[in-house]
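Remarks on the structure that follows.
2 protein chains.
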Amino acid sequence: MKLTEAKQQFISSWGAFGTHWGINRTMAQIHALLLITPDPLTQDDIMDELNISRGNTNMNIRELINWGLVERVLLTGERKEYFSAEKDIWKVIKQIVKERKKRELEPMMKLLDQLEEVEGDKRDKHVKTFIDTVSSIKKLGKQADKTLDVMIRAEESWFVGSIMKMFK
Amino acid sequence: MKLTEAKQQFISSWGAFGTHWGINRTMAQIHALLLITPDPLTQDDIMDELNISRGNTNMNIRELINWGLVERVLLTGERKEYFSAEKDIWKVIKQIVKERKKRELEPMMKLLDQLEEVEGDKRDKHVKTFIDTVSSIKKLGKQADKTLDVMIRAEESWFVGSIMKMFK
DNA sequence: CCGAAGTTTCAAAAAATATTGAAAGTTTAA
DNA sequence: TTAAACTTTCAATATTTTTTGAAACTTCGG
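As structure tokens, then:
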């Protein structure tokens, strides 16, 4: 397979993959493009490469910056802004986990705390089932929260290395 | 908070939560409803409770069954089919992880295997960056695959219990 | 201060996704 | 075998999400 074709494949699959994870197609594609490109790119480079409009490119780059996955790079003597993606995939994963934890897991935990305090007699099976369900989601959610914190602080070697063998 | 209100909240938040995870709103809502309802429900019960059409209900129940999260229950002496959700949340999580691994992670790994074999001189920095990116995603993906396998086979106590303390 | 180069915004249009509901299909009791 | 009860399908419709691109805005050298 030629590089050009492989790049296309990678970008388009990464985009499709992203849509299963609540990330929009274009955002994932821009990220993919920046991951596999050695040097920083301008907004126009990205527009041309992916055939998308200026506005769309701008919005999604901004969103990638919000997620902490892409940064602005100012090349000396250049008027234009360049963009470049973090290339260390372990850092990328940790950053995504961190953001999603903050955006999704934490608000869900807050809601469950409230819902657990529903009024009513626990001898009523409707009340009981509700509280039991909420509590057990909360319990696992709290654990997931802790586990992800450990992961966010960890080095790649922790994940890939020998410690994990203990679980085999 | 009254039970009725709490139920509504739970269902609607679970639905919104689902959309961030590539699951459609209605599917997540039906799942939420079944999770907090002690007895199995019929399709009509679900339609009435969530105010959705017959077709939509039917499709999404079917999808939940495909995911292994809901099962048909035949009550003796009843003509109608009833539906009920697995209530053990750890089992639910494992089932979701298992399905998503099969549907998403595994196909991605296959693609990366192909893309790693791109033609070209590794001294060309475009080729090098591409291969390095693909390889490192593959490496972490393989590790994630193994880790999730361990998780799928594990008991809840593994996740919540003392073993995890080693990582703190 | 001017104007060219570059960036951002956002209302409108397009595309993708989800929902409806009536018709077709299936099952079962008598 | 019939018909009532129940389930499934799917073309049309509605909703949501994404994308476009022109206009507004910002920045900077001279």
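Protein chains in written order, with the working numbering: chain A, 6 to 173; chain B, 6 to 173. The beta carbon of each residue, even a glycine, is placed where N, CA and C say it ideally should be.
- About 7 Å separates the Cβ atoms of valine 78/A and phenylalanine 88/A, confirming a contact at the 8 Å cut-off.
- Of the candidates Lys143/B, Ile157/B, Val165/B, Trp72/B, Val165/B places its Cα closest to the Cα of alanine 149/A.
- In the structure shown, serine 18/A adopts helical secondary structure according to DSSP, grouped into three states.
- The beta carbon of glutamate 121/A sits no closer than 7 Å to any beta carbon of chain B.
- Exclusion of the five residues before and after glutamate 104/B leaves Trp72 as the residues of its chain whose Cβ lies within less than 6 Å of its Cβ.
- Interface annotation, threonine 62/A: not in contact with chain B, CB-CB separation never under 7 Å.
- For arginine 158/B, the uninterrupted alpha helix (DSSP H) segment begins and ends at 130 to 158.
- Between the C-alpha atoms of serine 17/A and aspartate 126/A there is a straight-line separation of about 54 Å.
- Residues of chain A with a Cβ closer than 9 Å to the Cβ of glutamine 14/B are, in chain order, Leu116, Gln119, Leu120.
- For lysine 115/A, there are no CB contacts under 8 Å within the same chain when 5 residues up- and downstream are skipped.
- The stretch 21 to 34 of chain B and the stretch 131 to 142 of chain A do not touch, with fewer than 3 CB-CB distances between them shorter than 8 Å.
- Per DSSP, the continuous beta strand (DSSP E) segment holding arginine 77/B begins and ends at 75 to 78.
- Chain A has a Cβ within less than 7 Å of the Cβ of glycine 27/B.
- DSSP, read as helix, strand or coil, puts serine 89/B in strand.
- Taken atom to atom, the span from the alpha-carbon of histidine 131/B to that of glutamate 161/B is near 45 Å.
- In terms of CA proximity to alanine 90/A, Pro45/A leads the group Glu10/A, Ala159/A, Asn29/A, Pro45/A.
- Non-local C-beta neighbours of asparagine 63/A in its own chain, meaning closer than 6 Å and more than five positions away in sequence, are absent.
- Under the Cβ distance rule, isoleucine 157/A does not count among the residues neighbouring chain B, no pair being separated by less than 7 Å.
- What histidine 131/B touches in chain A, judged by beta-carbon distance under 7 Å, is Leu8, Pro43, going in chain order.
- Contact with chain A is found for isoleucine 94/B, since one of that chain's Cβ atoms lies less than 7 Å from the residue's Cβ.
- Among the CB atoms of chain A, none fall inside 7 Å of the CB of threonine 47/B.
- Listed in chain order, the non-local C-beta contacts of isoleucine 157/A below 7 Å within the same chain comprise Lys99, Val102, Lys103, local neighbours out to five positions each way being set aside.
- Here threonine 9/A carries a helix assignment [DSSP, helix/strand/coil].
- For glycine 82/A, there is no enclosing alpha helix (DSSP H), since its DSSP letter is neither H nor E.
- Within 9 Å of the CB of glycine 20/B, no CB atom of chain A is found; the nearest one sits about 12 Å away.
- For threonine 47/A, the secondary structure class from DSSP, reduced to helix, strand or coil, is strand.
- Here lysine 106/A has Leu153 as same chain residues with Cβ atoms under 6 Å from its own Cβ, once five neighbours each way along the sequence are excluded.
- Those residues of the stretch 73 to 92 of chain B placed with their C-beta closer than 8 Å to a C-beta in chain A are Lys92, ordered along the chain.
- Closer than 7 Å to the CB of glutamate 54/B there is not a single CB belonging to chain A.
- Nearest Cα to glutamine 34/A within the set Thr47/A, Gln14/A, Leu110/A, Met6/A: Gln14/A.
- At a cut-off of 7 Å between beta-carbon atoms, isoleucine 57/B makes no contact with chain A.
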